[in-house]
């Protein structure tokens, strides 16, 4: 059995590289100049200037000495409209102190180092508490206005959940991930925050951007990587394989330091041999920042507290974190590994795994992710080779990740490698499937146009594609920015809403734009159609009606201080939708006037906190009742006429759909159940399925229900609650878009790894 370098991963099929160093830059240079560069030059405060950029760094150009600041998790308070600035708000005082510190040399007394002033600062996310709300961005500029060096930053989960700062990132840095070079080093600011989702997600667009960004960086060039979510331990990524896709890009580069946030801690750890530091916070228990100094060939990181913390009962103001040679590199003990005969197998076969190692290796383990109970210890052989077998019986057919872990004898760091394997359905299975990979992930639910027979999909880079039954492209349209949920078929038009506030009506058969409208706020949700108008909520709390004939605004009213995300629903003359202020709204579709507003179900059953808003779910109307769930996962019912809350039906409900006959409520639940309730909340049946917490509803076939978990398990369930088929469409990477039915009997899934799959169960 021969060995190949990490051979079996779909990455080898997906190397459709993005252009340039930033995400989402339009194909047209003129368009980019109009939309971003001029806006960038006119709006950019002095503290956010990009600083001394150089050409791509190489090891030969590295200079001896420089210092910069690493900070994280400022969580600046939201400031809705007509709210006064709070000079004593969260982090404001600490940031004032940080700005003062930046004006003087940042010496490191714990190392005996006299350093210079900071040349720049890197903020590793959670800039805001509730993302960009009205005046909040001006408060950010005010907080850093006295900073004596350029400031770079990345989004955190708090920045990209209730809304998104990606539009601002494009204005200031050209993309939500960006990079720069200084002193012979390469600095990467990587967006790990999920798009309008609280969990981290390395979607296909981000992974390929990173691959392209590092493609012309010399392997010996020191690279500093800043991102919000730590890659070590459990920060909420979909799986270990989700992170190992990033490792596959970084592995051959000289990653000197990884800087992250999210945990609000002051500590140093390692991941895959790379040193990483957490950035602490600028409020609560650990207010402060890190100084990072390169001098005399050594890297030193020290955390500097604003003031002693009496809870720690210590008076020291500086904490040493890292002191190491700049040229120190730790190689993985795994040299090569393979799966004999892979990567595609018949379901139920035994997989033979071989691993060749280097150095003093204590042991090697292998397992299929999600099936850790059958983890095997590989047996050592000659020439540092380890071999063993994995059983696949009992696993669902489909795509899986195989993980290998090696540990050292010298208590050095453990290393992981991951690759993809696929298990074919049994020979007697009637399942027919097709699959196609794209260069960006899918957050938006696809639409199927019955008139043209085309499947319409939109990816996180903003490209809309029309696919035929063979998943071949008939036409494409580039919106130039993220599309989160924004596809709606409205008669003979496809309405596309993007994250920069653009709304475009396309002809579904050709992709030709019929009209375009520019709205003043980001659009994350789909439109609800009422007659000749499209009703859309936006990130600024507005609800507006656009004419389907020409895109003109018929009416526009602001009802919420926080944004609408998912589509609302229209019944009769009323639009119903939920905002991130944790209220449910009923709006007159003829004039935009408010009929009523009421707290989301968790506001009655649990807490009134905005954390439990339900803006990423769509309510439903049946008879005289409105049904809704929220991010407190409380499922409740309201009086349709008055908005009065009637009662709570269930908890742990992430999403729901009304049955086709209007008599039942299918609920996706956090504890891996699909439950069918009647309209009064009585349970008809329950099915044990892989579900997860994504707010994606099940879809309805003629005689069956199909649910896709947020890690890619497709469950086909009969109307009696019996699970008939399971298939894994994603190797435990996030699937956040809802499945849809196309070509009458096919179920379509689209995942964040950029794969569209059709399944016909026969």
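Numbering (the numbering used here), first residue to last: 171 to 932. Ideal Cβ positions, reconstructed from N, Cα and C, are used throughout, including at glycine. All figures in this text were calculated on a predicted structure; none of them were measured in a lab.
Simplified DSSP assignment, three categories, for residue i
i, result
"residue 269", "helix"
"residue 436", "coil"
"residue 604", "strand"
"residue 561", "strand"
"residue 555", "strand"
"residue 385", "coil"
"residue 848", "strand"
"residue 630", "coil"
"residue 859", "coil"
"residue 923", "coil"
"residue 635", "strand"
"residue 745", "strand"
"residue 912", "strand"
"residue 496", "coil"
"residue 262", "helix"
"residue 416", "helix"
"residue 542", "helix"
"residue 758", "strand"
"residue 488", "strand"
"residue 839", "strand"
Of the listed residues the options, nearest to residue i (C-alpha basis)
i, options, result
"residue 656", "593, 640, 472 and 709", "709"
"residue 953", "238, 817, 829 and 753", "The displayed coordinates of the chain run from 171 to 932. Any statement about residue 953 would go beyond what the structure contains."
"residue 884", "928, 872 and 730", "928"
"residue 321", "687, 294 and 767", "294"
"residue 549", "855, 524 and 755", "524"
"residue 925", "839, 842, 354 and 629", "629"
"residue 911", "899, 870 and 889", "870"
"residue 552", "531, 384 and 539", "531"
"residue 828", "405, 235, 815 and 844", "844"
"residue 386", "415, 356 and 404", "356"
"residue 312", "687, 769, 826 and 249", "249"
"residue 289", "253, 353, 282 and 349", "353"
"residue 268", "324, 569 and 458", "458"
"residue 310", "401, 245 and 850", "245"
"residue 769", "808, 790, 842 and 740", "808"
"residue 913", "308, 641 and 490", "641"
"residue 445", "420, 466, 465 and 454", "420"
Spatial neighbours of residue i in its chain, beta-carbon cut-off 6 angstroms, leaving aside the 5 residues before and after
i, result
"residue 805", "799, 819, 820 and 823"
"residue 284", "277"
"residue 691", "671, 708, 709 and 710"
"residue 407", "370 and 413"
"residue 932", "600"
"residue 220", "In this prediction, residue 220 has a pLDDT of 35, which is less than 50 and means its spatial position is unreliable; nothing more can be read from the coordinates."
"residue 891", "855 and 857"
"residue 336", "346"
"residue 930", "602, 915 and 916"
Residues of its chain near residue i, where Cβ-Cβ distance is below 8 angstroms and the 5 sequence neighbours each way are ignored
i, result
"residue 545", "535, 536 and 537"
"residue 780", "300, 332, 732, 750, 751 and 752"
"residue 584", "575, 576, 577 and 578"
"residue 775", "802, 804, 806, 818 and 821"
"residue 816", "795, 806, 807, 808 and 809"
Buried versus exposed call for residue i [16 or more other C-beta atoms within 10 Å across all chains shown]
i, result
"residue 498", "exposed"
"residue 575", "buried"
"residue 714", "buried"
"residue 746", "buried"
"residue 411", "buried"
"residue 617", "buried"
"residue 255", "exposed"
"residue 879", "buried"
"residue 542", "exposed"
"residue 334", "buried"
"residue 527", "buried"
"residue 712", "buried"
Contacting residues, own chain, Cβ-Cβ under 7 angstroms from residue i (five flanking each side not counted)
i, result
"residue 431", "242, 243, 294, 295, 296, 326, 398, 448 and 449"
"residue 247", "256, 259, 260 and 299"
"residue 830", "870"
"residue 361", "324, 325, 346, 347 and 376"
Heavy atom of the ligand COA within 7 angstroms of residue i beta-carbon
i, result
"residue 495", "The model depicted lacks the ligand COA and carries no ligand whatsoever."
Should the stretch 619-626 be regarded as contacting the stretch 596-603, the criterion being three or more beta carbon pairs within less than 8 angstroms? They do not touch, by the three-pair rule.
Could you check whether the stretch 851-869 touches the stretch 898-915, counting it as contact only if at least three pairs of C-beta atoms, one from each stretch, sit closer than 8 angstroms? Taking 8 angstroms as the limit for Cβ pairs, the verdict is that the stretch 898-915 does touch the stretch 851-869.
Is it true that the stretch 578-592 meets the stretch 503-514, where meeting means three or more beta-carbon pairs spaced less than 8 angstroms apart? The stretch 578-592, when compared against the stretch 503-514, does touch it at the 8 angstroms Cβ threshold.
Meets three-Cβ-pair contact criterion under 8 angstroms: the stretch 509-528 and the stretch 552-569: Cβ pair count under 8 angstroms is three or more, so yes.
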